[in-house]
Amino acid sequence: KWAFSTHGSFKVVDANPQYEISLAESGDNMIGLTINGARPFTQVVQGNSYANAVARACDLAVLKILASPGYFAGELTFASDRTGKTEIYISDFLFTNIRQLTNDKSDSMLPHWSPDGSKIIYTGYYRTKLMDLYEITLNPRSRRTFASYRGTNTGGEFSPDGRKVAMILTTTGNAEVWTCDASGRNAKRLTKNDSVEASASWSPNGSQIVYTSDALGRPQLYIMSADGKGSKRIKTNISGYCSEPDWNPLYPNLIAYTCARGKGFQIAVHDLNTGKSEVITQSGSSSLPRWTNDGRHIVFTKNFGKSRKLYIVDYKNKKETLLHSAKLGNCGEADFIYKH
2 KWAFSTHGSF
12 KVVDANPQYE
22 ISLAESGDNM
32 IGLTINGARP
42 FTQVVQGNSY
52 ANAVARACDL
62 AVLKILASPG
72 YFAGELTFAS
82 DRTGKTEIYI
92 SDFLFTNIRQ
102 LTNDKSDSML
112 PHWSPDGSKI
122 IYTGYYRTKL
132 MDLYEITLNP
142 RSRRTFASYR
152 GTNTGGEFSP
162 DGRKVAMILT
172 TTGNAEVWTC
182 DASGRNAKRL
192 TKNDSVEASA
202 SWSPNGSQIV
212 YTSDALGRPQ
222 LYIMSADGKG
232 SKRIKTNISG
242 YCSEPDWNPL
252 YPNLIAYTCA
262 RGKGFQIAVH
272 DLNTGKSEVI
282 TQSGSSSLPR
292 WTNDGRHIVF
302 TKNFGKSRKL
312 YIVDYKNKKE
322 TLLHSAKLGN
332 CGEADFIYKH
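Numbering of the sequence shown is given in the numbering used here, commencing with residue 2 and proceeding in unit increments.
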């Protein structure tokens, strides 16, 4: 019930449902799904654990009812300070299996999945006590320094095909957008100016990069080709401060981003087809949006004073839901992946 309550297209009711969804154990890590409604449906779903099988069965129900993918069997990587320092964690979307990846006793932040979910790249102070990029391979578990150039190394994000990584380096002076091979080699500088660049995100087909630049004095969004050519500003016309863009994986016309509103920040979505932006979150201060696999929901960080939590929002109807309990401490900077 809780999983469906996070979805903007569903309302959980106690009586007279339009669809009745039933789940029953059907073997080791297998769940029998039954949907009663206009078009009855039954199927056995297998997962890599009991909880994963339940989540995948619910995702199949979403697919059959809405003809769009579910996200309940997705996974999150995020930063949490539950141990006193900000460390990197991974978890299933339902937070039934939370695993701590780093134990460096120094701040680690901004984790991003590789497209196949086998690796995570993040920013940390692990070895040099300077801001470098590190890569964790999950199985078997290992870690290596990904980028440790002079200055700051941050913002690593894999391209959709997993062959390249976009990152922000200050090795030439000010912060610029760079790319390199997935091995960390063959670094190429894409932006060359006196402004500060940040938060590079790939288009779904990997041909373009959206990023933040303060070339006009305050952060705004720009798009360029993946080779660094043809940079153009996105005219959001909604805020003098726009940053932290994330390109929709299914709908290339949509980009989520953080914008300044009042005394804080909120999440907005820009439609490249219409040229219009819309703010989709309210209350608190919201930032760091990341799309889920259905192209409709966004996981983001919400601050209330000193408290920082992970939420999910449906960008169409603006329904927001808290994702985890207080025992996880302050959490944020989440990235989402759905492993098929």
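Heads up, the beta-carbon is just placed ideally off N, CA and C, and yes, glycines get one too.
Terminal residues of the beta strand (DSSP E) in which residue i lies
| i | result |
| --- | --- |
| ALA148 | 143-148 |
| LYS80 | Note that residue 80 is Ala in the sequence shown, not Lys. 76-81 is the extent of the beta strand (DSSP E) around ALA80. |
| ALA257 | 255-262 |
| ASN274 | That residue, ASN274, is in no beta strand (DSSP E); it is neither H nor E in DSSP. |
| GLY333 | 332-338 |
| PRO112 | 109-114 |
| LEU95 | Run containing LEU95: none; DSSP gives neither H nor E here. |
| PHE305 | 298-305 |
| GLY163 | That residue, GLY163, is in no beta strand (DSSP E); it is neither H nor E in DSSP. |
| PHE159 | 154-159 |
| MET31 | 31-37 |
| ASP182 | 177-182 |
| ASP215 | Looking at the DSSP string, ASP215 is not in any beta strand (DSSP E), and its letter there is neither H nor E. |
| PHE42 | 42-47 |
| GLY207 | Segment: none, GLY207 is in no beta strand (DSSP E) and carries neither H nor E. |
| PRO246 | 243-248 |
| PRO18 | No beta strand (DSSP E) contains PRO18, which DSSP labels as neither H nor E. |
| ARG309 | 308-315 |
| TYR72 | Element bounds for TYR72: n/a, residue is neither H nor E. |
| THR124 | 120-125 |
| LEU289 | 286-292 |
Whole-Å CB distance - residue i paired with residue j, under 8 Å assumed
| i | j | result |
| --- | --- | --- |
| GLY71 | ASN318 | 17 Å between Cβ atoms; not a contact. |
| LYS233 | ILE224 | 6 Å |
| GLY296 | LEU311 | That belief does not hold up - the Cβ atoms of GLY296 and LEU311 are roughly 19 Å apart, past 8 Å. |
Endpoints, the alpha helix (DSSP H) within which residue i is located
| i | result |
| --- | --- |
| SER6 | 3-6 |
| LEU64 | 51-67 |
CB of residue i within 7 Å of CB of residue j, strictly
| i | j | result |
| --- | --- | --- |
| ASP162 | SER202 | no |
| PHE305 | GLY285 | yes |
| ALA62 | ILE89 | no |
| ALA52 | THR97 | yes |
| SER244 | THR213 | yes |
| SER196 | ALA167 | no |
| ALA335 | LEU77 | yes |
| ILE313 | THR322 | yes |
| THR124 | GLY152 | no |
| ILE299 | ALA269 | no |
| ILE210 | ALA227 | yes |
| THR259 | SER278 | no |
| PHE159 | SER115 | yes |
| ALA16 | PHE73 | no |
Contacts around residue i, its chain only, beta-carbon distance under 6 Å, and the 5 residues preceding and following it disregarded
| i | result |
| --- | --- |
| SER6 | VAL13 |
| GLY229 | LEU191 |
| ILE169 | THR155, GLY156, ALA176 and ALA199 |
| VAL45 | SER27, MET31 and GLY33 |
| LYS165 | THR180 |
| ARG145 | GLU136 |
| ASN238 | none |
| LYS2 | VAL13 |
| VAL280 | GLN267 and ALA269 |
| TYR150 | LEU170 and THR172 |
| THR43 | THR35 |
Cβ-based neighbour list, residue i, same chain, cut-off 7 Å, excluding 5 preceding and 5 following
| i | result |
| --- | --- |
| GLY75 | PHE94, THR293, ASN294, PHE337, ILE338 and TYR339 |
| PHE147 | ILE122, LEU134, TYR135, GLU136, GLY157 and GLY185 |
| LEU67 | SER10 |
| ASN254 | ASP272, LEU273 and ASN274 |
| GLN101 | GLU88 and TYR90 |
| TYR126 | SER107, ASP108 and MET132 |
Cβ shell of residue i (< 8 Å), same chain only, five flanking positions each side left out
| i | result |
| --- | --- |
| ASN49 | ASN30 |
| ASN140 | SER119 |
| ASP182 | ARG164, LYS165 and VAL166 |
Query raised in the report: Is there contact between the region 44-60 and the region 81-89, where contact requires at least three CB pairs shorter than 8 Å?
Result: Touching, no.
Practice problem: Inspect the CB distances between the region 320-332 and the region 106-123 and report whether three or more fall short of 8 Å. | Solution: By the C-beta criterion, the region 320-332 is judged not to be in contact with the region 106-123, since fewer than 3 inter-stretch pairs fall below 8 Å.
Check: Counting Cβ pairs, one atom from each stretch, are 3 or more of them under 8 Å apart for the region 249-264 and the region 205-218?
Finding: Segments in contact, yes.
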